[in-house]
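Residue numbering for the sequence shown follows the numbering used here, beginning at -12 and increasing consecutively. All residues carry an ideal CB built from backbone N, CA and C; glycine is no exception. Here the structure is a predicted model, which means the values were calculated and not measured. Here's the structure, in structure tokens; my notes come after.
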Amino acid sequence: MRNWVWIWSHISKCKTLYLLAMLLWLLESVAYIATLTLQQQIIDEVIVKGHYPLFWRMLAMIAVCYVVYSLLFVFSPYLLGIVHSFFRKRLTALALDHLYHIPIPQLHKERTGRYVELFSNEIPAVARLIGEDIADAFKYIFHALIVSIVIGTASPLILAGVLVFSIIFVKMGRTFGAKQKIMAAQIQKEKTAVVICMEEGVASTREVVAFNREEWEFKRYLRIFDRYYQSVMAEGKMIVKQLLTKDPIIWGSYMTALAIGGYQVLQGELSIGFFVVIYQLTSELMIGIEKAYKFSVEVAGKMAFVDRVRNFLEDRTISDGTLPFKEPVTSLSCSQITFRYDGSNDSVLKGCNLAFPIGKKVALVGGSGSGKSTIAHLLIRFYSPDSGCILVNEKEIEQIKRRDWAKKVTLVFQEPYLFALTIRENVVMGVENVTQEQIEHVCRLMCIHDDIVNLPNGYDTTIGERGITLSGGQKQRLALARAVLRNPEILILDEATSALDRHTERLIQRNMDEIRQGKTTIVIAHRLSTIKNADIIYVMKGGRVEEQGTHDELLQNNHVYKELVDAEAKLSNLSPGKGEIETA
């Protein structure tokens, strides 16, 4: 029942067009049945009784019915096609919006192939069910009802005989439908596993070849595909059983109509015209019931798709916030933040307090697991704190509309994602009204322009899946150019230059400091060169701020920061205080 309530909630968004399409379906059915019933008049009144002047009138009426039927036969499916497209577009848009609001831990647990299957197979199947299949079912039910009335008016005995077989038919539909839903859910589960395996197989091609594991990958695919194949074959066996039981019932109804109708004609209880038309209508009745039966079986299978799509759209999402936020950011701080990742027993952050001076360069350093990147993820609202709060202009960040906050802040990752588009499209990434001069300017600042112009098609070069044709350093510089083009109030760099050589990193850092004057930049440091000129450096240890200050102040403290500097200097064979900090 929940599925049908959910389906109606979507139909109600397009109910006028939907009801119009269904009305035309019903008129089409009436027009077609009228062409058959008018034949009875020709046989009984014209041929048998000899009322020949009625022939042309009856013929004209049949012609009109056929014209109406033909027009509706073309226009009704066209209208339902529009309805189908509306639901497919609507469900896809809702699913995409929901995808961007799924909690990051949950998103990371699910495989990419699962979402590929959702958008490529499950949503189209549900859209077709809502947009066309349900309307078809109503048409066939209405068709069967009208035919039953016509047959019952002429011969209640024939109708009773045919309905006996119809009841058996419907009963079979319910029996097989329950089994169909279970099998469809299993098939969909195994098919999703196959899609995931194929997606992973393509994505991991380099690793598979490099480790000489082609045979292993092939066997893994065959094992997963075999489970899918077995589930499909099980469904096929059930369909064969349906066919073996369906056809005898249909033919039984035909023989019943023929036997009873023939007997009534011989007894003078039924005219020849009615007998001929009733036999045709019996076929139409069984076709209508068969279509309704087929729908009942198919809808049971498609309910497995509805379950998956509905469960996805109704699943938990992160808080979107309700407060508009258009004003400039004047304060940003973390107060007693505690956070633990799902599946972990220990908290990454333990009562962490941070104050980010607006318009300044702030650095976060510390050992592995100290909570630096976690703070960045909390600021970008990938996660929500378990306790404590992040305050923006003295407002809790959870109360601010996500879309408004997203316009204020940008995060550049250590391993950025690049689309299989051109370099220009990857830099712009949806920003409107951007000129080529602006694109080239930010690329020069991030020291990637010369690399781009040396490519065969320059900024129009397609860089392949995930930017596979670029080096790690080139990917990072493109991501930095993308962020600089947005020019956000708050820019977070999560080890965003870790793949660059020291010379290029210094050039980019110098340019970044110049263009970010008066704007807030938060740097999660990998090397000393990226943070030693920061206005304030927070040193993280064990999920808390261990110390804070400028580079020189922290060196004089001779505490954690000094230890990090000395350790990096020792590894790099550099003098203490002039080396690089490893903060993996």
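Item                                                                                                                         : Value
Close Cβ partners of Ile265 (< 7 Å) along its chain, the five nearest in sequence each way excluded                          : Ile138, Ala141, Ser142, Ile145, Ala244 and Gly248
Nearest-angstrom Cβ-Cβ length linking Tyr56 and Ala18, presumed shorter than 8 Å                                             : 4 Å
Whole-Å CB distance - Asp522 paired with Lys395, under 8 Å assumed                                                           : With 8 Å as the limit, Asp522 and Lys395 do not qualify as a contact, their Cβ atoms being about 20 Å apart.
Reference Met220; option with closest CA among Ala171, Ala466, Ile276 and Ala246                                             : Ala171
Short Cβ contact (7 Å threshold) for Leu541 with Ile479                                                                      : no
Cβ pair Leu25, Glu32 closer than 7 Å                                                                                         : no
Status (buried if at least 16 other CB within 10 Å, exposed otherwise) for Lys224                                            : exposed
Local conformation of Met527 per DSSP, three classes                                                                         : strand
7 Å Cβ shell around Gly358 - same chain, five flanking residues per side excluded                                            : Val335, Leu336, Cys339, Met527 and Gly530
Chain-order list of residues whose beta-carbon lies under 7 Å from that of Pro311 (same chain, five-residue window excluded) : Lys388 and Asp391
Other residues of its chain near Gln401: CB distance less than 7 Å, five sequence neighbours each side excluded              : Asp481, Glu482, Ala483 and Ser485
Three-state secondary structure assigned by DSSP to Ser562                                                                   : Residue confidence for Ser562 is low, a pLDDT of 44 falling below 50, so the modelled location carries little weight and cannot support an answer.
Residues near Gly353 by beta carbon distance below 7 Å, same chain, minus five either side                                   : Lys359, Val526, Met527, Lys528 and Thr570
Alpha helix (DSSP H) segment containing Ala350, residue limits                                                               : Here Ala350 belongs to no alpha helix (DSSP H); instead the beta strand (DSSP E) covers Lys348 to Gly353.
Pairwise C-alpha distance: Val189 and His95                                                                                  : 19 Å
Nearest residue (CA-CA) to Ile110, options Ile34, Lys76 and Phe129                                                           : Lys76
For Ser334, the three-state DSSP class (helix, strand or coil)                                                               : coil
Integer-rounded CB distance, given that Val134 should sit under 8 Å from Gly275                                              : 6 Å
Contact under 7 Å by Cβ, Phe292 with Ala131                                                                                  : no
Residue span of the alpha helix (DSSP H) that contains Thr79, given as start and end                                         : Leu41 to Leu86
Presumed contact (8 Å Cβ cut-off) between Pro90 and Arg368, rounded CB distance                                              : Incorrect: roughly 11 Å between the Cβ atoms, too far for contact.
Rounded C-alpha distance that separates Ile495 from Lys176                                                                   : 48 Å
Assumed close pair Asp294, Thr325 - CB separation to whole angstroms, cut-off 8 Å                                            : At roughly 37 Å, the Cβ-Cβ gap does not stay under 8 Å, so Asp294 and Thr325 are not in contact.
Glu569, DSSP secondary structure in three states                                                                             : Its pLDDT being 37, under 50, Glu569 is placed unreliably by the model, and the measurement read from it follows with that caveat. It is coil, neither helix nor strand.
Endpoints, the alpha helix (DSSP H) within which Val429 is located                                                           : Gln423 to Leu432
Own chain, CB closer than 6 Å to Ile49, minus 5 neighbours either side, in chain order                                       : Thr22 and Leu25
Boundaries (first-last residue) of the beta strand (DSSP E) holding Leu105                                                   : Leu105 -> no beta strand (DSSP E), and no H or E assigned at all.
Rounded C-alpha distance that separates Arg(-11) from Leu10                                                                  : 26 Å
Assigned exposure category for Lys2 - 16 Cβ within 10 Å defines buried                                                       : exposed
Residues near Ile511 by beta carbon distance below 7 Å, same chain, minus five either side                                   : Leu351, Lys359, Ser360, Ala363, Leu480, Asp481 and Glu482
Candidates Thr537, Val532 and Thr517: closest to Trp524 by CA position                                                       : In the sequence as displayed, the identity of residue 524 is Ile instead of Trp. Looking at the Cα atoms, Thr537 is the closest of the given residues.
Residues bridged to Lys382 [DSSP beta-bridge criterion]                                                                      : Val379
Element boundaries [beta strand (DSSP E), containing Leu319]                                                                 : Leu319 to Phe326
Distance between Phe406 and Gly451 (C-alpha atoms, nearest Å)                                                                : 7 Å
Buried versus exposed call for Ser562 [16 or more other C-beta atoms within 10 Å across all chains shown]                    : Caution applies to Ser562, whose pLDDT of 44 falls short of 50 and renders its modelled position unreliable; the value that the coordinates give is listed next. Exposed, since its Cβ has fewer than 16 Cβ neighbours within 10 Å.
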